[in-house]
Amino acid sequence: MAEPAAMDASQKDEAVDVRIDGVFRVVEDQSTIPQMLFGVHATELSPERIAEWGVESVRLLHQNPSGVPTTPGVGDRANLRGISSVLDCYFDRYQPALILTEPSTWRQRLRNLGQSFAAHARGQEAQSVIEFWNEPYLNWSVKPGVNYDGDHFDTSRAIVGGPVFFRGSDEAIPHLIWSRGLMAVDAETGAKHYLAWGYAPKTMLENGVERPVRAGDEYVWRGQKRMQFVEHWLVVDTSQPSYWAGQFNSRLYREMLEEFARAAKEVNPDVKIVGGFDFHFYQGSWDSFRSCFKPMIDTAWRYIDAVDEHHYGEDTRRVAGSYELIVGYTLATHGKRLRVFNTEAGGMLDPQRPDTPAATNWNAEQPARAIGAFTYTTRDLLYLLRHMPEKAHARYAHEAHQNGGDEWAFRLLKPLRGRLLWTESLDTDLWSVASLNDAGEVCVVLFNDTARPREARVVIQIPPGRNAVEIRQAHIVVDEMNPTTLAMRETAEPIHVTNMTEGRTQLDLTIPARAPMRIVIPTTGRDGEPGAQTERIERQRFANRFLTAVLPEQRWTSEIRLERELIASATHARLRVTMTGPASGLRVSVNGERVRLSRDPYLAEALVPVAWLREVNRVEIETDRSTQVDTVSLMIVEERSAR
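Plus 3 on top of the position in the sequence shown (first one is 1) and you've got the working numbering.
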């Protein structure tokens, strides 16, 4: 069989070739750097900080939503002047589902809120996006499980282990049974306090011996409120797989989301709505997708524009790979292309263990903690922009003002805006992202995802019609004047067009281990005449199988359908495989011809000659050891004159 060359550089000690050839990049409908990726949540902001960091968006939680989008820079939001988009999140995680607390009015309340927000969103200067509920996967179900408070149900028929009914209903609620347990209440008033209950201790010391808590025990919450444990009727969802939502809470969420989102779209079809559980899609070997996200998508796909997730201290490559599943499943099942919104993110890459991406060191001293947070954010953003700018539309750094690292991620990436430029790297561990921003600067950011410095040979072609002025190179270091903080080291070297070959220059760089480096080239002139510029358009078509095991001695097969026009316009193609497990040991063929996957452990690619493509393409995978294939797709690239 014919076998195309591998996509990776074969020798790690050799310089990696990276090419930016002045061609614009379009991935599906995305031709620019998504600005909402540079967002913050629970972060102290001022107009000065927004401008200095380059913050583009902010996420705000509303426990008592008004139905009116937040307007940055006006009234009590003067601190948000300069923000270009707001993500308003309606309702928070310790608030029980309205179906339980407002059984007779919840539908109308949600309809009113949705319609009001949608109506007010018209004509807003800042883009308004609505997220429905913060983290319903968690405190609805555990810590403390607010939706399992027995007072939401008919306690007159409560029997331990018996069926559970809503008040006034004779239909047992599926999956729920009664239990007796402990609830923490205000010791003085007896009032419930779900948040304090969620942080209640599990054990007490008695005569120097630790024992489980029991009724009558007291504790002080956050040094202020005296709480007491009391016996209480609670319910249990027998379908709950772990600490995230089971079938009962999944049902409550999707019924409310559909009511809210449908009402909003009736008033303003252009309003952007984000739904989801703010949780990892792949948790529990994808159990969270099956029990929470998939039923929600199947119910509300007509009315939502994106699905949300949160990640802290995860391997960001795995997070990005999981986005493929959300988009691919919805596209294949419902014919709609969704985006994925991260609405909270934070974490660290332990600088002492750079090959353990999930390792955290929250108690580290500065500057180690700052370096870890800086690396986590830049690694996350650059991997997303390299592989899926059309799927990952938003990211909100959590408490970005506190760790000393997110600030420098924002500062370093501030020029990375505007139109995407095509980049190529011959090593999957060296990621490259490039753009031409509104200031006329070509910005290239490289990330070395290995544990040692890498040599890179970077060839940059300026887009037609523009002339380079100079080259500025920047990376983040520990501040020599204040060793507890970080600083940006930037160098500028004159560059003259007469010393370049047809507007092209080569840079020989050493990129530090597990770190980014930024290159900015200011240019003069303007974009070339129509027809002088080129853009490469990437389109993705998914196979008809998702989340399936590949076992030794078996052959996994699927089909990818391509339109005849897409094949005719293709200049080249790539096979993309996302998986849970290593790519090594996989043998992959397209239409009977063997391809060689790159080494990326979650999102591997292989070059596919255009001559191999058919309207129905058969993909076969064999393996020496069991793995799971999450998605398989073909990326078809067309080259044409820029618009």
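In this text, a Cβ means the ideal position worked out from N, Cα and C, and glycines have one as well.
Note down, in chain order, each residue of its chain lying with its Cβ closer than 6 Å to the Cβ of residue i, except the 5 sequence neighbours on either side.
i    : result
H404 : T46 and E47
T426 : I23, S435 and A437
Q118 : A266 and V270
A607 : V580, A586, L600 and S601
E538 : F27, V29 and A645
S592 : E623
V635 : A546, S561, V580 and V622
D20  : L429 and R460
Whose C-beta lies closer than 8 Å to the C-beta of residue i among residues of the same chain, with five residues either side of it excluded?
i    : result
D441 : R420 and G421
F168 : F156, D157, R160, E174, A175 and I176
Excluding sequence positions up to five away, which residues of its chain have a Cβ less than 7 Å from the Cβ of residue i?
i    : result
T378 : L352, R517 and A518
R628 : P555 and G588
A54  : G85
N470 : V500, T526, T527 and G528
A552 : S629 and Q631
P357 : Any reading at P357 needs caution, since the residue's pLDDT is 45, under 50, leaving its predicted position unreliable; the model's value is listed next. Same-chain partners within the cutoff: A454, A516 and R517.
G165 : I180 and W181
E105 : R112
A199 : A187, W224, K228 and M230
A194 : V188
Thinking C-alpha only, which one of the options is nearest residue i?
i    : options                   : result
I374 : H401, H396, A412 and K394 : A412
R529 : G468, N67 and N142        : G468
D152 : G126, H123, A187 and K275 : A187
I463 : T513, E55, I524 and R372  : I524
V619 : P298, P604, R110 and A546 : A546
V613 : A645, H575, S49 and P166  : H575
V71  : V61, L83 and Y93          : Y93
T192 : R229, G164 and P166       : R229
D452 : A376, L616, A161 and D603 : D603
E59  : D281, I300, H178 and Y399 : Y399
T508 : V19, G25, E17 and S636    : G25
M259 : Q130, W136 and Q476       : W136
K146 : D154, S172, G126 and R96  : R96
Y332 : I474, I300, E347 and F344 : I300
R114 : I465, E261 and S172       : E261
Do residue i and residue j have their CB atoms nearer than 7 Å?
i    : j    : result
S325 : F284 : yes
L550 : I639 : no
P99  : N150 : yes
E623 : T526 : no
Y222 : R320 : no
R590 : E625 : yes
A264 : A303 : yes
L433 : R457 : yes
D290 : E138 : no
V61  : V89  : yes
A124 : V277 : no
Going by DSSP, what residue range makes up the beta strand (DSSP E) through residue i?
i    : result
V19  : V19 to V30
L63  : S60 to H65
Q476 : E473 to V481
L569 : No beta strand (DSSP E) holds L569; the alpha helix (DSSP H) holding it covers R567 to S572.
P215 : V212 to P215
K275 : K275 to G278
E209 : T206 to E209
I'd like the span of the alpha helix (DSSP H) that includes residue i, first residue to last.
i    : result
A251 : Residue 251 is actually Phe in this sequence, not Ala. Its alpha helix (DSSP H) spans residues Q250 to V270.
M299 : K297 to A303
Y197 : Y197 to G201
A124 : W109 to A124
G375 : A371 to H390
T543 : Reading the sequence as shown, one finds Gln at residue 543 and not Thr. Where Q543 is concerned, there is no enclosing alpha helix (DSSP H), although the beta strand (DSSP E) it sits in stretches over T537 to F545.
W289 : Q286 to S291
A54  : P50 to W56
F413 : D409 to L416
T104 : L101 to T104
Per DSSP, which one or two residues make a beta bridge with residue i?
i    : result
G349 : Y315
Q464 : R507
A187 : F232
E427 : R22
T583 : Q631
D530 : Per DSSP, none; premise fails for D530.
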